[in-house]
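The sequence shown lines up with residues 107 to 262 when you count with our numbering.
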Amino acid sequence: MTLLRLRVAHGVLALFGLGITGYLSWTELLGGSPTCVIGGGCATVQNSDYAEIAGVSLSYLGFITYAFMLVSAFLPGFPGRLLGIITSVGGLLFSLWLLYAELFLIKAICPWCVASLVVMVLALIVAILRIWKAGDLRSDDSVPPDQAARAGVAEG
107 MTLLRLRVAH
117 GVLALFGLGI
127 TGYLSWTELL
137 GGSPTCVIGG
147 GCATVQNSDY
157 AEIAGVSLSY
167 LGFITYAFML
177 VSAFLPGFPG
187 RLLGIITSVG
197 GLLFSLWLLY
207 AELFLIKAIC
217 PWCVASLVVM
227 VLALIVAILR
237 IWKAGDLRSD
247 DSVPPDQAAR
257 AGVAEG
């Protein structure tokens, strides 16, 4: 898979994440509860003490994280890969903590939150592949392959 396709995959995953967290943010703004097609834990999780940090809804923070991930997909080279790995690792670690909170502290599962966790796992895999395919974090994939070959730059 080429670096461009990996960037596209990262962008598509970010769009899925934006859809999930956007829906959760929208229901939060409207004062409602998200529709849970599996189980009924969405309202319990969204209304729990763990649903906010310093008064900011976690769905908003998730939306911002996915927005930065989408930006990383548009950035070639080192900046894109660095932002992609930071948002993916940070988002996954936070999502794992939230899963722990759902299972053991809140004792309710939100399928939307689990879906976001799955997106974060996939995004981390793509972020790692972007670095691996480039050869390292700092190599430049912003130069088109035909120009790189003429300039003597190895294709990433």
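Ideal Cβ placement from N, Cα and C applies to all residues, glycine included.
Bridge pairing for Glu158: Ser163 [DSSP]. By the Cβ neighbour-count rule, Val151 is buried, with 16 or more other Cβ atoms within 10 Å of its own. By the criterion of a C-beta distance shorter than 7 Å, Ala149 is surrounded in its chain by Ser139, once the five residues flanking it on both sides are discounted. In this structure, the beta-carbon distance from Thr127 to Tyr156 does not fall below 8 Å. In its chain, beyond the 5 residues on either side, Leu119 have a beta carbon closer than 8 Å to the beta carbon of Leu228. In this structure, the straight-line span from the alpha carbon of Asn153 to that of Leu121 is close to 25 Å.
If you look at Leu205, you'll find it in the alpha helix (DSSP H) that goes Gly183 to Tyr206. Gly183 and Ile237 have their C-alpha atoms spaced approximately 9 Å apart. Closest in C-alpha terms to Ile170, from the list Ala207, Ala233, Gly197 and Thr133, comes Gly197. Residue burial annotation: Ile159 is exposed, with fewer than 16 other C-beta atoms found within 10 angstroms of its C-beta. Just so you know, the alpha carbons of Val225 and Gly123 end up roughly 6 Å apart. Within the same chain, Ile215 and Pro217 come within 7 Å of Gly145 by CB-CB distance, once the 5 residues on both sides are set aside.
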